[in-house]
Every structure is written in structure tokens, then in C-alpha cells.
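Report on one structure; see the data block that follows.
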Amino acid sequence: MDKENKKGELHPVWFFVILSVITIVLSAILSFFGFQGTQTDVSLGSSSTSLLTVESLLSGSGIKFIVSESINNFLKFTPLGTIIIGLAGVGLMIKTGLLKSICKRLNKIIPRKTMFFIFSLLCIIMGFSVDFSFVIMIPVAAILFTEYKRSQVVGMTMAFASVAAGTNINIFLTSIDYSLIELAKSSVNLVDSNYSYGYAGNLFFVVISSLLLALVISIITEIIARKKPVRIGTEELEISEKLDKIGFKKSLLAFVIMCVLLVYAIIPGLPLSGFLLDSSQNMYINKLFGANSPFVKGFLYIASLIFIICAFIYGTATKQIKNGKDMIKHIQSSLNGLGEMLLLIFVASQFIALFKYTNIGNVVTVNLFNLVADIKPSFIILLLLSFVVIAISNIFVPSLSTKWTLFVPKMMPLFMKSNITPEFTGAMFRLASSVTNIISPIFSYFVVYLGFIGLYSKNDFTIRKCYKMLIPYFIAILILWLFIVFGWYVLKAPIGPNVFPTI
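Following the working numbering, the numbering of the sequence shown begins with 12 at its first residue and continues without gaps.
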């Protein structure tokens, strides 16, 4: 019997179709039985409550949403546009042979195990631009692993695990960091009006966690790669060593020049500089990494443009591109085979939109948080129980800010009364929130990972096999995060400048 016909071998498209049907039926059942939760809101030193209920998709308004919003749900799905823009840039680098040339040089000077660690850490650091990290780093990993004679699928899985698990612990302070702190201040002040919540309060914690995460992921990758040393074939381009050297040097020079210009564009106060900063913000870090920063919002586009220019220069030097038509052909070729990915994105976008509409995730999450608050555990039991609850809730509500809004009002005072600092609480929350990103079907970029896996393993593409690749990373990261949280708490080591786990 063909493996594809075995029980449990389900194509990801059907996986999301089944999840959509389950969501529709479950929403009707939960709504009928009045499944709900009480959310606590804290503002200006006072608290209030509101009721969260489940919306049925089998009601009149629910059916109307399914029918009328399907196209909008697809078009508004963030990864849709980013995939096309990202693949245009990295795809041209692949087709001209520039990316292969870069990876070949890396293979000569950097050992495989070291390269795995460096690449994983780079994926984590680049998490400040989520679009770039997932759309660019995953296909780049495929070519890199080919040069290191390792499975492209293993490489893409490593890149996805690194970005997904590292998104919430980025070493760069972004607008999300500031918004989370501002959301927490009201709850913190209810317990201690004099407490000062530091913006860089968990800096040491984040840096060490990032390094350990990259180390663990690289080790797991090496173990998996040994068991699956498959090298999937790619187009072999016949480029002479002489032309390759010339093309590489020219493209490298162009890359350096464009990077210098990019850096100049984010330095305020210089002539014609600072146009990629958000001028409405006061602090430089917010100007650079704020939600409305042109640098962050346009980083994927800027990077793709740089890749296209470098690939064009390399291609013309190596005779891979002789005219404008050749360039268009290469970009067009890099976008071939996206039909299955677009179908997957369409079906997944419908499921995610339907699930969010039902409000099941928020109701489940707020009830889990309320359950912990009602039990009123303390110290290590509080940390463990909260970590587990946050990790579970992240499967249903991947949004960090949404969970934080539901978590803070009741849980932050509980942690402070157990002498656990808000900064350490926030650090624990981030780790717990990131661990289940890699297995949550509601996490938008999980679909991107599945799509890329489908491009490189069309004859072996099932949801079970995708999860089989991810589970070792999930288990290893879960153990690592628990070790870091409890180890840091027991050691009472500083998590940032003058900030400790306990008050």
C-alpha cells in the first residue's frame, strides 16, 4: 500500500479543512451551552470585568461571516503578500547561483556544527522582523543545508523552530516590549504604587536564553540530520570559478554599499537621513522598532530589493542574466509551484479567521488564567502552573499582546504577592508563549513552514510527517525553557541591570 494512503497520512490542506469543520461544530455546541469567561481589566488604578462568550458559526451572523468574509480573510492573511515579495528576492539569488556561491564559501570556512549554531542564532536575532525571518530564512536554510550535504527539509525545520521559538525573546527592544510593559503597569501599581518597571529589566535573561536556544536547536538538528542525511537535488548551474569570483566580489561590494546606505537611513540628525524612522516617537528605539516604523514595516521589501540587486549583479557577471527578460524569467521561475502553497494558505486563512471569530481561544485562555488565580498557588508551584497554562493557551491564542492583556490583571498581582518581580514574570510569560508556536495550527507562520516543506517534498508531504519533524524541537525547547525559568529563580541571578527574579 502506498504510504500516502496509510491511515494518518493527511495532507495539510485536508488537515485545515477538518479543523474548520470541527471549529464550526464546536462553536455551535459551546455557544448553545453558554460557555463563557470573565475578563478583568485594569486601568488608572481601578479594575472592571467583562464577559467573554463564544460566537456560534452556525448562527445567522456566523454563516454570513463564513460566506461573505472568505475572500477578505484570504487577502488579509499577512503571509500571503510577504511570501511573494520574499521569494522574488531570495528566489533570484537561488536561480542565478548567488546563494549557492555564498553557502559554498561558508562551507569551506565554517564547520557544519558551528554553522548550524550561527544560523539558528541569526534566525532568532532576525525575529524583530517576523515577515523577513520566516519568509527569507526558511528557503535560505534549504540551500545552506544542501551545501552541507544535509536534508533541505531538516534545514527548513530548524529555521522555523528557531524563529518561532525565538520571536518572543528577541534581544532588540521593540514596540511590543513597550506596549506589554505599559499594559502591566496598572496591575503592578495596584500592588506597589512605587514600583518602577524597567524597560531593559530582562536583558541578561533574553541574551542567555537566545544563546542557549540556538545551541539546543543546533544539537537537535545535528541529531535529526544524522538520521536523515538526504540531499535533495537542486538545479546545478555551470559557472566557471573565475566568473563566480568576479560575480561574488561585485555583488559583495554592492551589498556593503547598500547596507551602509541602509544604516545611514536609520541615523537621525544627518543630512537626508532618518527617513526610515517613525518621527512621531520620542525614544530612538521606538522610532526604529516601533509598530509604525518604516524600517520594520518595510524591512522585508528592503531586504528583497537588496537581494534582487545583488543577484542581478552576480547574474550579469556570470552570464546567467544577459538582459531584462532573463531576470524576469528567473524571478518567474522562482515563483513556480506556488499553486499548492496558495491553496494551503487559502484553506488555513479560513480556519484561522473562523477560529478567531468564535472567540473560543480567548474564552479558554481567560478561564485557564482565572483557574490559576482562584487556586492562588505561590512560588515555584505558581511558576510551573502558570508556565503550563500559558503554553497551552498559546496554542489557541498565539498573539502575545492578547494573552498578556488577559493574563496581567489577575496574575501579575499574584506573582508580586509571591515576591516575584514583574520583569521575571514577563520573561517567564514570553518563554511559555513561544514554546508552542512551532506546533500551533493557529500560528499564521506555521502555514508558511508547511508551504515551504510542500515545495521541497511534494511526494512526502503529510501533516503527520511535518509534526514528526517538529516534535523533537518542541520537547527540547520545552525542557530548556523550564530549566532556565526554574534555574534562574533558584539561583536568584540578575535578569537585567539591577533586576532580580524576586523582589
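Note that beta-carbon positions come from the ideal geometry of N, C-alpha and C, so glycine has one too.
Among residues of its own chain, excluding the 5 on either side of S42, which ones have a beta-carbon nearer than 7 angstroms to its beta-carbon? Taking the first residue of the sequence shown as 1, we reach residue 42 at position 31. Correct list, in chain order: V65, E66, S67.
DSSP state of T473 mapped onto helix, strand, coil: The count along the sequence shown starts at 1 and reaches residue 473 at position 462. It is coil, neither helix nor strand.
Can you tell me whether L191 is buried or exposed? The criterion is at least 16 other CB atoms within 10 Å of its CB, across all chains shown. Along the sequence shown, read from residue 1 onward, the residue named residue 191 stands at position 180. Buried: at least 16 other Cβ atoms inside 10 Å.
Member of L442, A170, V408 whose CA lies at the smallest distance from the CA of L394: Locating residue 394 in the sequence shown gives position 383, counting from the first residue. Comparing Cα-Cα distances from L394 to each of L442, A170, V408, the minimum goes to L442.
Residue nearest to D52 in terms of C-alpha spacing, selected from T413, R237, V307: Residue 52 sits at position 41 when you count from the first residue of the sequence shown. That would be T413, whose Cα lies nearest to the Cα of D52.
Secondary structure at S207, three-state DSSP: helix, strand or coil? For the purposes of this step, residue 207 is taken as the residue at position 196 of the sequence shown. Residue state, collapsed to three classes: coil.
Any 3 or more C-beta pairs closer than 8 angstroms across the stretch 375-389 and the stretch 408-428: yes
Taking the CB atoms as reference points, tell me whether V141 and T178 lie closer together than 8 angstroms. Along the sequence shown, one-based indexing puts residue 141 at 130. Along the sequence shown, one-based indexing puts residue 178 at 167. Against a cut-off of 8 angstroms, the Cβ pair of T178 and V141 comes out as a contact.
Residue nearest to V164 in terms of C-alpha spacing, selected from L355, T49, C270, I464: Within the sequence shown, the letter at position 153 stands for residue 164. Comparing Cα positions, the closest option is I464.
CB-CB under 7 angstroms to I147, same chain, minus the five flanking residues each way: which ones, in chain order? If you number the sequence shown from 1, residue 147 lands on position 136. So the list reads G97, V101, A314, once near-sequence residues are dropped.
Helix, strand or coil: which one does DSSP assign to D188? Sequence index remark: in the sequence shown, residue 188 carries index 177 (1-based). D188: helix per DSSP, three-state reduction.
Buried or exposed (CB count within 10 angstroms, at least 16 for buried), S444: On the sequence shown, position 433 is the one that residue 444 refers to. Classification of S444: buried, given that the 10 Å Cβ count is 16 or more.
Between the alpha carbons of G285 and V267, how many angstroms are there, rounded? To locate residue 285, count along the sequence shown from 1; it is residue 274. To locate residue 267, count along the sequence shown from 1; it is residue 256. Roughly 19 angstroms between the two C-alpha positions.
Note down the Cα distance separating V227 from Q343, rounded to an integer number of angstroms. The residue labelled residue 227 in the question sits at position 216 within the sequence shown. The residue labelled residue 343 in the question sits at position 332 within the sequence shown. The alpha-carbon atoms of V227 and Q343 are separated by roughly 38 angstroms.
Cα-Cα, which of N118, G326, D289, I403 is closest to E158? Against the sequence shown, residue 158 aligns to sequence position 147. The shortest C-alpha separation from E158 is found at N118.
Between which two residues does the alpha helix (DSSP H) harbouring H22 extend? Within the sequence shown, residue 22 is the residue found at index 11, counting from 1. Where H22 is concerned, there is no enclosing alpha helix (DSSP H), given that its DSSP letter is neither H nor E.
Tell me where the alpha helix (DSSP H) around Y159 begins and ends. Looking up residue 159 in the sequence shown gives position 148. Counting along the chain, Y159 falls outside any alpha helix (DSSP H), and DSSP gives it neither H nor E.
Could you tell me the alpha carbon to alpha carbon distance between G498 and I35, rounded to whole angstroms? As a working note, residue 498 is residue 487 in the sequence shown. As a working note, residue 35 is residue 24 in the sequence shown. Distance between the alpha carbons of G498 and I35 is about 43 angstroms.
Alpha carbon to alpha carbon, how far is G73 from F130? Give it in angstroms, no decimals. What you label residue 130 is simply residue 119 of the sequence shown in a count that begins at 1. What you label residue 73 is simply residue 62 of the sequence shown in a count that begins at 1. Looking at the two C-alpha atoms, the distance is approximately 44 angstroms.
N509: buried (16+ other C-beta within 10 angstroms of its C-beta) or exposed? The sequence position of residue 509 within the sequence shown is 498, counting from 1. Classification for N509: exposed.
M338: buried (16+ other C-beta within 10 angstroms of its C-beta) or exposed? Within the sequence shown, numbered from 1, the residue matching residue 338 stands at position 327. Buried is the call here.
Taking the alpha carbon of V374 as the point to measure from, which residue in F46, T185, L91 has its own alpha carbon closest? Position 363 of the sequence shown holds residue 374. Considering only alpha carbons, the answer is F46.
Alpha carbons only, please: which of Y210, A170, F259, N448 is nearest the one belonging to K111? Taking the sequence shown and counting its residues from 1, one reaches residue 111 at position 100. When only C-alpha atoms are compared, the closest one is F259.
Residue range of the alpha helix (DSSP H) that V399 falls in? What you label residue 399 is simply residue 388 of the sequence shown in a count that begins at 1. Here the alpha helix (DSSP H) through V399 covers 390-407.
Helix, strand or coil at A513 [DSSP, three-state]: Taking the sequence shown and counting its residues from 1, the one referred to as residue 513 is at position 502. Sequence inspection shows Thr at residue 513; the Ala mentioned does not correspond to that position. Strand.
Does DSSP classify Q292 as helix, strand or coil? As a position in the sequence shown, residue 292 is number 281, starting the count at 1. Looking at Q292 - three-state DSSP - the assignment turns out to be coil, as it is neither helix nor strand.
Extent of the continuous alpha helix (DSSP H) run through M439: Taking the sequence shown and counting its residues from 1, the one referred to as residue 439 is at position 428. Note, M439: alpha helix (DSSP H), 433-446.
Let me know the secondary structure DSSP gives Q343 once reduced to three states. Here residue 343 refers to the residue found at position 332 of the sequence shown. In the structure shown, Q343 sits in a helix (DSSP, three-state: H, G or I).
According to DSSP, T64 sits in a beta bridge with which residue or residues? On the sequence shown, residue 64 is found 53 positions in, with the first residue counted as 1. According to DSSP, T64 bridges with Q47.
Check each candidate in P420, I401, P433 and name the one with the smallest Cα separation from N448. Within the sequence shown, numbered from 1, the residue matching residue 448 stands at position 437. It is I401 whose Cα lies nearest to the Cα of N448.
In the DSSP assignment, the alpha helix (DSSP H) including E4 goes from what residue to what residue? In the structure as shown, the chain begins at 12 and stops at 514. Residue 4 is therefore absent and cannot be evaluated.
When burial is assigned at 16 or more other CB atoms within 10 Å of the CB, is A359 buried or exposed? Residue mapping note: residue 359 aligns to position 348 of the sequence shown, counting from 1. Classification of A359: buried, given that the 10 Å Cβ count is 16 or more.
So what does DSSP say about G507, is it helix, strand or coil? As a position in the sequence shown, residue 507 is number 496, starting the count at 1. Of the three classes helix, strand and coil, the one that applies to G507 here is strand, per DSSP.
Could you check the C-alpha separation between V24 and L132 for me, to the nearest Å? For the purposes of this step, residue 24 is taken as residue 13 along the sequence shown, with counting starting at 1. For the purposes of this step, residue 132 is taken as residue 121 along the sequence shown, with counting starting at 1. If I take the Cα positions, the gap works out to 31 angstroms.
I'd like the ranges of any beta strand (DSSP E) spanning at least 3 consecutive residues and lying wholly in the stretch 303-389. none
Starting from V53, follow its DSSP beta bridges and name the residues at the other end. Counting from one through the sequence shown, the residue named residue 53 turns up at place 42. DSSP, once it has assigned bridges, lists S58 as partnering V53.
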